[in-house]
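Take a look at the structure below.
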Amino acid sequence: MTNSSSTPAIRFNQVSRYFGEVKAVDQVDLEVHDGEFFAMLGPSGSGKTTCLRMIAGFDRPTNGEIYLYGQDVSNLPPYERSVNTVFQDYALFPHMNVGDNIAYGLMIKKVPKAEREKRVDEMLDLVQLKGFASRKPSQLSGGQRQRVALARALINHPKVLLLDEPLGALDLKLRQQMQVELKAIQKRVGITFIFVTHDQEEAITMSDRIAVFNHGKIEQVGSPAEIYERPASTFVAGFVGTSNLVSGEVAKRITGSEQTFSIRPEKIHLGQMEQTITTSMLFVNGIIRDVVYLGLYTRYLVEVDGGIDLVVVEQNLKTTSMDVLAARGQKVKLYWQKDHISYVGA
Amino acid sequence: MLTRLSTYFYQRPKLVLWLFLAPPMLYMVVVYLGSLFALLINSFYYIDDFTGLIVREFTLQTYAQIFTPANREIFTRTATMAFFVTIASAIISFPLAYYIAKYASRRLKTWLLIGVTIPLWSSYLVRVYSWKLILAQEGILSYFINLFGLSGLLEWLLSFESFGGSSLALSPLGMFIVFVYIWLPYMIIPIQTALERVPNSLVEASSDLGARPLQTFRTVILPMSFPGVIAGSIFTFSLTLGDFIIPLAIGNSKFFIGQAVYSYQGTAGNIPLAAAMTMGPVAIMIIYLLVARKLGAFDAL
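Heads up: the sequence lines are chains B and V, in that order.
First residue of the first sequence: 14, per the numbering used here; consecutive thereafter.
First residue of the second sequence: 89, per the numbering used here; consecutive thereafter.
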């Protein structure tokens, strides 16, 4: 078995998983590179979790093969794959203390006790839980349990670490802190991380590449910037961040082509009607229908010529709430750079 | 008026609690614990051998009678039977309870649970006596044993003096079979309930961390469901200790605790000794639970 960086850590070859009539995963091809922080992003029921479970071995593909560093593992039980999982509910063993939980994999492999203890200490150090070894999981906070789950998986030096909605149960502040920390830990251990999330912000913050899932298929794979700035489909444009989709007559009026394009709300400028437009810009006129003051920025809903609404977001650099709220009903010119639009498929 | 009454109670939640709790508490304390206490008191009286009357004076001489060789043998015999019945019930129940808790669909689960409890709907006496017929020399069980050519095995088993006899119906082995059958639901249900509370993700996590199914069973499933096994064993063990119908109907003429109590309080009229012998199982159960706690059976509760 080769372990060179050219062999993908995980490769899906036409993988499908059917539950009766339901195609949870439908002919998916996918490559995750060695050492990558890879996100599977999608709404619930999109097949991302089923894919993760098939990599772990909790589920088997109906068709197709899954390769772990070149080895076909499609039909291997979980205990014969060097892949470990951080579960959504952490799945810590309630009848064991933190140290025994972390040492579980080594205990199963009959690693001598002295070495087990040494490695548990290293892991507790890595996840910043020194001195917690004798506590029971029930005595820990959500964030601490998360760290124990991570340590319990990493101590086995898996080839690939799987994380199922790892931060879903944490509150916002802790989640943001753990995002940074997870990323740092991944850099330190150098293991391929694959994590499942429905939170696009989390996917963009942490991952090197993202696969966007919808209806059991992958809509797009790319870096966060590619996904955000060049969404390949209307679904991706809508699911990752907020996006304005313009098609048909209105699209033709703006770009000269009927092809659907997406434009991010923050890329659109609000201008006076007499604003001059350079050739590198696109524009459309409209009336401000609604204004939502959000402190840091303001969201405008602008009805443009042709009858559709565009969302525009502007930072409140010079304006106050009084100013922005008075803008309701004003005629405005919306303009943006040509290269900020992205043509999308259906 | 009603509004004022409900407001009155709303402001006094403790009073409501006491009103609801009083009747069952009264029943518990007076009828349930009271009778047990009466039993305890009686066990310290003794019977006058000459007049056959109960002498209401505190004495330990009734308890001393328990330790006569004949009575000691009754205790050992009953406790041994209860022990093996409990072990067998646990071993038979676990796979079934596991299937019901973890694999059966919602529909199937309902049907299986009904199936497990159906025997409890019919009379216990009828079931015991029908087993007498099943186990009889010319009964249906020996018919099947002969059919499969296993009569040699049966004869060999029945030839043991400790649990054999002239036929299954007249042997401790047959009694054991009937005990296991009768108490099985009381073991399956607690184990199933305990297993129901073991999240599937823990089983997955264990296998994810490299444990084979048997290792997962030993290190995760069994320790986490052990309180259920203990709960079930309390039923099977104590019910076997106290039962007198099955030893009466099945097996040989050797006494079990229940039978001894039955005959002492009935024909012999020796209420104090019957009471003292009843305290035996109570003491055995207390010791049993203390040992179970010491072994960590309740740690995962």
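A virtual CB, placed ideally from N, CA and C, is assigned to each residue, including glycine.
Determine, using beta carbons only, whether G316(V) comes closer than 7 Å to chain B.
Chain B contact via Cβ: absent.
Specify the secondary structure class of M113(V) as computed by DSSP and reduced to three states.
helix
Our contact map puts F226(B) next to K36(B) with C-beta atoms below 8 Å; I'd like the distance itself, whole angstroms only.
That pair is no contact at about 12 Å.
Which whole-angstrom value describes the C-beta separation of V133(B) and G112(B), a residue pair presumed to lie in contact below a C-beta threshold of 8 Å?
5 Å
Check whether the Cβ of T98(B) lies closer than 7 Å to any Cβ atom in chain V.
yes
Taking only three categories from DSSP, how would you classify T205(B)?
strand
Which residues in the same chain as L142(B) place their Cβ atom closer than 8 Å to its Cβ, once the five residues preceding and following it in sequence are excluded?
Around L142(B), the same chain offers V111, Q157, R160, V161, A164 as residues with beta carbons nearer than 8 Å, after the five sequence neighbours per side are excluded.
Under the rule that 16 or more other beta-carbon atoms within 10 Å means buried, what is E215(B), buried or exposed?
buried
Relative to chain B, which residues along the segment 296–313 of chain V have a C-beta separation below 9 Å, given in chain order?
D296, L297, G298, A299, R300, P301, Q303, T304, T307, V308, P311, M312
Using 7 Å as the limit for Cβ to Cβ distance, is S289(V) near chain B?
yes
Tell me whether N16(B) is buried or exposed, calling it buried when 16 or more other Cβ atoms sit within 10 Å of its Cβ.
A caution first: N16(B) carries a pLDDT of 47, below 50, which makes its placement in the model unreliable, though a value can still be read off. By the Cβ-count criterion, N16(B) is exposed, with fewer than 16 other Cβ atoms from all chains shown falling within 10 Å of its own Cβ.
Quick one: grab the DSSP three-state call for E130(B).
helix
With respect to the alpha helix (DSSP H) encompassing W219(V), which residues constitute its N-terminal and C-terminal limits?
It spans 212–223 - the alpha helix (DSSP H) in which W219(V) sits, taken as one unbroken run.
Beta-carbon proximity list for G181(B), same chain, < 7 Å, skipping 5 on both sides:
Q101
Mapping the DSSP letters down to three states, classify R312(B) as helix, strand or coil.
strand
When the cut-off is 7 Å and only beta carbons count, does N16(B) lie next to chain V?
Since pLDDT at N16(B) reaches only 47, below the 50 mark, its modelled position is unreliable, and no value is offered.
Using 8 Å for Cβ pairs, my map puts V325(B) next to Y313(B). What's the rounded Cβ distance?
4 Å
CB-CB under 8 Å to Q153(V), same chain, minus the five flanking residues each way: which ones, in chain order?
Correct list, in chain order: N159, L361, A364.
Using the Cβ count rule (16 or more neighbours within 10 Å means buried), how would you classify A69(B)?
buried
Closest Cβ-Cβ distance between E292(V) and chain B: below 7 Å?
yes
Sequence-distant residues of the same chain with beta carbon closer than 7 Å to A185(V), five excluded per side
I276, I279, Q280, L283
Check the Cβ-Cβ distances between A104(B) and every residue of chain V, and say whether any is below 7 Å.
yes
Endpoints, alpha helix (DSSP H) assigned at W209(V):
First-last for W209(V): undefined, no H or E at that position.
Do you know how far the Cα of E226(V) is from the Cα of S255(V)?
9 Å
Are the CB atoms of V234(B) and A224(B) nearer to each other than 7 Å?
yes
Is I217(B) closer than 7 Å to P237(B) when the C-beta atoms are compared?
yes
In terms of alpha-carbon separation, which member of L336(V), A192(V), L90(V) lies closest to Y217(V)?
With distances taken between Cα atoms, Y217(V) lies closest to L336(V).
What are the residues in the segment 167–179 of chain B lying within 8 Å of chain V by C-beta distance?
So the list reads N169, given in the order they occur along the chain.
I need the straight-line Cα distance from L221(V) to Y231(V), nearest angstrom please.
Using only the alpha carbons, I get a separation of about 12 Å.
Sufficient close CB pairs (3 or more, under 8 Å) joining the segment 173–188 of chain V to the segment 313–324 of chain V
The segment 173–188 of chain V is in contact with the segment 313–324 of chain V.
I want to check one thing, is the minimum distance from the CB of Q288(B) to the heavy atoms of the ligand SAM below 6 Å?
In the structure on display, the ligand SAM does not appear, and there are no ligands present to speak of.
In three-state terms, what does DSSP make of A371(V)?
helix
Can you tell me whether K230(B) is helix, strand or coil according to DSSP?
strand
Outcome for H170(B) when other beta-carbon atoms lying within 10 angstroms are tallied against a minimum of 16
exposed
Considering F232(V), what are the terminal residues of the alpha helix (DSSP H) in which it resides?
F232(V) -> alpha helix (DSSP H) spans 228–235.
With H, G and I counted as helix, E and B as strand and the rest as coil, what does DSSP make of R194(V)?
helix
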